[in-house]
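Here the structure is laid out as structure tokens; the discussion comes afterwards.
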Amino acid sequence: MTTALTQPTTGANGGRVAVAAAGRRVVKAYGAGETRVLALDRVDVDIASGAFTAIMGPSGSGKSTLMHCLAGLDTVSEGEIWVGDQEITKLKDKKLTRLRRDRIGFIFQAFNLLPTLNAAENITLPMDIAGRRVDKEWLGRVVETVGLGGRLKHRPNQLSGGQQQRVAVARALAARPEIIFGDEPTGNLDSRAGAEVLRFLRQSVDELGQTIVMVTHDPVAASYADRVLYLADGRLVDEMLRPSAEAVLDRMKHFDTFGRVS
Ligand SMILES: Nc1ncnc2c1ncn2[C@@H]1O[C@H](COP(=O)(O)OP(=O)(O)OP(=O)(O)O)[C@@H](O)[C@H]1O
1 MTTALTQPTT
11 GANGGRVAVA
21 AAGRRVVKAY
31 GAGETRVLAL
41 DRVDVDIASG
51 AFTAIMGPSG
61 SGKSTLMHCL
71 AGLDTVSEGE
81 IWVGDQEITK
91 LKDKKLTRLR
101 RDRIGFIFQA
111 FNLLPTLNAA
121 ENITLPMDIA
131 GRRVDKEWLG
141 RVVETVGLGG
151 RLKHRPNQLS
161 GGQQQRVAVA
171 RALAARPEII
181 FGDEPTGNLD
191 SRAGAEVLRF
201 LRQSVDELGQ
211 TIVMVTHDPV
221 AASYADRVLY
231 LADGRLVDEM
241 LRPSAEAVLD
251 RMKHFDTFGR
261 VS
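In full-length UniProt numbering, the protein residues as written are 1 to 262.
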């Protein structure tokens, strides 16, 4: 599915793992002169294929900017972004749009479902628009994993928040993207519905081999990931493998102690 980048990285299991996306010396600055903000300051990052990565850090540390740059939703000021073996920072708009459509999936805090379409239609909409054939067998597995089987004919307003977000996750998975990026995907959900979605994201990594990158503020959400990356002031300052919610919370407090968070 994804191709290893030139520099293999060491995975949670201590072995070599393929890299689904990477950033090299990524700088992102907004504005100029006195109002210049350095949102990302020479970030080097590898996102392992077939793993669940969480990005954490205080407000304004650059989490969303990093995610948007890795996903090709925003340009970088300096440095390189790779998706598989493709350097996307070199691509022209049209090719980048196609790459995003064909190889990347998104889940946002707002579910972004069309109210007039039922769950099944919402799930296949991006592929219908792109004129892509829907792989029925894969779709069946996705729907089964999401546990939406009995509700496929329901419209979004007939579904709970957690179910709506599961439809959004199924929509992202259905196209078999190389990577799914989630920006606070459980931010709008109560803890029970959030856990439902997080369990499903975990399952899609374990059972379907999906690669997921999620920005979150929530240590419990981060504990579903294989690896947590910590950003502070636009820099990657730490990481944690096989995190527990307590350990993540502890690490965040630790940053406070060292004055690395505002
Ligand atoms: N379009 C923009 N114009 C100017 N500054 C921006 C813009 N987008 C982000 N920034 C600044 O870049 C820095 C990083 O922002 P970013 O949204 O990536 O942080 P974040 O860690 O995702 O924050 P939060 O947790 O609050 O969402 C912040 O200082 C922010 O004010």
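We put the beta carbon where it would ideally sit given N, CA and C, even for glycine.
Residue i versus residue j: straight-line alpha-carbon distance, rounded
i: E239; j: L117; result: 41 Å
i: R132; j: M252; result: 43 Å
i: R100; j: V43; result: 21 Å
i: S33; j: S77; result: According to the sequence displayed, residue 33 carries Gly and not Ser. The straight-line gap from Cα to Cα measures roughly 15 Å.
i: D226; j: A18; result: 15 Å
i: V146; j: G31; result: 42 Å
i: R199; j: A221; result: 10 Å
i: A110; j: R25; result: 31 Å
i: G62; j: R235; result: 8 Å
i: A245; j: S204; result: 20 Å
i: V37; j: D190; result: 33 Å
i: K153; j: Q164; result: 13 Å
i: R151; j: A119; result: 7 Å
i: S49; j: V213; result: 10 Å
i: N157; j: V143; result: 19 Å
i: G259; j: D250; result: Only weak support is given to the placement of G259: the predicted model assigns it a pLDDT of 44, under 50, and the value that follows is read from those uncertain coordinates. Approximately 14 Å, taken between the alpha carbons.
i: A247; j: D233; result: 21 Å
i: I180; j: M127; result: 15 Å
i: L91; j: K136; result: 32 Å
i: T53; j: V228; result: 6 Å
i: T124; j: V134; result: 7 Å
i: I88; j: G72; result: 7 Å
Beta-bridge pairing of residue i - partner residues as DSSP gives them
i: A22; result: D46 and W82
i: A29; result: L38
i: T186; result: Partner(s): none; T186 has no beta bridge.
i: residue 263; result: The structure shown does not extend to residue 263, since the chain is modelled only from 1 through 262, so no value can be given for it.
i: A193; result: BP columns for A193 are empty, so no partner.
i: A51; result: None, per the DSSP bridge assignment.
Sub-8 Å separation of residue i and residue j beta-carbons
i: N122; j: R166; result: no
i: I104; j: E178; result: yes
i: residue 290; j: E196; result: As displayed, the chain neither begins before 1 nor continues past 262, which places residue 290 out of reach and without an answer.
i: C69; j: I55; result: no
i: L208; j: V169; result: no
i: A51; j: T211; result: yes
i: D46; j: A22; result: yes
i: Y230; j: G57; result: yes
i: P115; j: R155; result: yes
i: S223; j: A193; result: no
i: A84; j: A39; result: Reading off the sequence shown, one finds Gly at residue 84, where the question assumed Ala. In this structure, A39 does not lie closer than 8 Å to G84 by Cβ.
Per-residue burial, residue i [other beta carbons within 10 Å of its own, 16 or more giving buried]
i: T97; result: exposed
i: A130; result: exposed
i: Q86; result: buried
i: V215; result: buried
i: A174; result: buried
i: R176; result: buried
i: K28; result: buried
i: L66; result: buried
i: G182; result: buried
i: H254; result: exposed
i: G149; result: exposed
Short CB-CB distance (under 8 Å) between residue i and chain B
i: D74; result: Annotation note: the requested chain B is absent from the structure, which comprises a single protein chain.
ask   = Enumerated in chain order, which unbroken segments of the alpha helix (DSSP H) with a length of 4 residues or greater are wholly contained in the stretch 87 to 174?
value = Those alpha helix (DSSP H) runs which fall completely within the stretch 87 to 174 and span 4+ residues are 93 to 103, 119 to 130, 136 to 146 and 161 to 174.
task = Taking only runs that begin and end inside the stretch 196 to 251, name each unbroken beta strand (DSSP E) of 3 or more residues, in chain order.
result = 212 to 215, 227 to 232 and 235 to 241
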